[in-house]
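Taking it in order: structure first as structure tokens, then the write-up.
Residue numbers (my numbering): -10 to 248.
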């Protein structure tokens, strides 16, 4: 059985398993409001399908055991992540990011050396989410900010997950107001066309394989946009998983990562 150990690399807490060998190390990045524990089911599957592979699941800044910081802009968080990756001795890692972790993985791969990106259920265009946040911003900045997060959770279709996975989701979601405002600041304050141009530049700068794993078939317009700016993107649809393909189908994701 693979031994998993809590470590601190740079500013980030992490679960570390496996040893360095010829395989690209895996870096696992959770979504906003969650934490590294969400990767437990995937780690169990990888222990069987890809035993001994170096795998590090980080807590993002301000989550669980990683301290907060003054800026949660994702470019800054990518720099913090890189310091941790270097300290952990992870050369050219394969980045696996869920939700906002998928955006972070994309930004990281545009700036630093990687062997690939697996984006789990995170569209890179803000779309209607920006308008939703604009409507909810007064509540988000009030003592009732938790209502905003509950609204977000209600749209993630947690009920589609196995019961153990549902319990894991609810156990690892306690975002503070500071965290929500910090990580969503760019979406709330930056024009959509500027965010779009930034993601297009990121995709065009990436010269390694890019996977998009989602629970629903992407719209034709989004698929065309993604494949225009990141040709040969591999799209994998794992149906019936809501916002959590890695929890609904950890075995399928492990197969994809094991190659």
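From the three backbone atoms N, C-alpha and C, an ideal C-beta is built for every residue, glycine too.
Check	Outcome
Local conformation of residue 16 per DSSP, three classes	strand
Distance between residue 83 and residue 131 (C-alpha atoms, nearest Å)	39 angstroms
Supposed close pair residue 240, residue 34 - CB separation, criterion 8 angstroms	5 angstroms
Outcome for residue 218 when other beta-carbon atoms lying within 10 angstroms are tallied against a minimum of 16	buried
Segment limits, alpha helix (DSSP H) that includes residue 199	Premise fails: residue 199 lies in the beta strand (DSSP E), 199 to 203, not in any alpha helix (DSSP H).
4-residue-minimum alpha helix (DSSP H) runs that sit fully inside the region 89 to 156, ordered along the chain	89 to 100, 118 to 129, 135 to 143
Cβ contact (3+ pairs, closer than 8 angstroms) linking the region 199 to 217 and the region 66 to 80	no
Chain-order list of residues whose beta-carbon lies under 6 angstroms from that of residue 51 (same chain, five-residue window excluded)	57, 168
Collapsed DSSP secondary structure at residue 80 in the structure displayed	coil
Residue 192 versus residue 49 - alpha carbon distance	22 angstroms
Assigned secondary structure, residue 159 (DSSP; H/G/I helix, E/B strand, else coil)	helix
Residue of 46, 205, 37, 28 minimising C-alpha distance to residue 4	46
Cα-Cα separation, residue 152 to residue 28	16 angstroms
Closest by C-alpha distance to residue 244, when choosing among 150, 30, -6, 39	39
Span of the alpha helix (DSSP H) around residue 185	181 to 194
Limits of the alpha helix (DSSP H) - the one that residue 212 falls within	209 to 218
Reference residue 115, options 159, 188, 142, closest by Cα	188
Residue 158 to residue 214 span [Cα, whole Å]	31 angstroms
Close beta carbons around residue 178, own chain, < 6 angstroms, minus the five adjacent residues each side	none
Neighbourhood of residue 81 by C-beta, 7 angstroms cutoff - its chain only, sequence neighbours within 5 removed	13, 102, 103, 104
Residue 64 (DSSP reduced to helix, strand or coil)	helix
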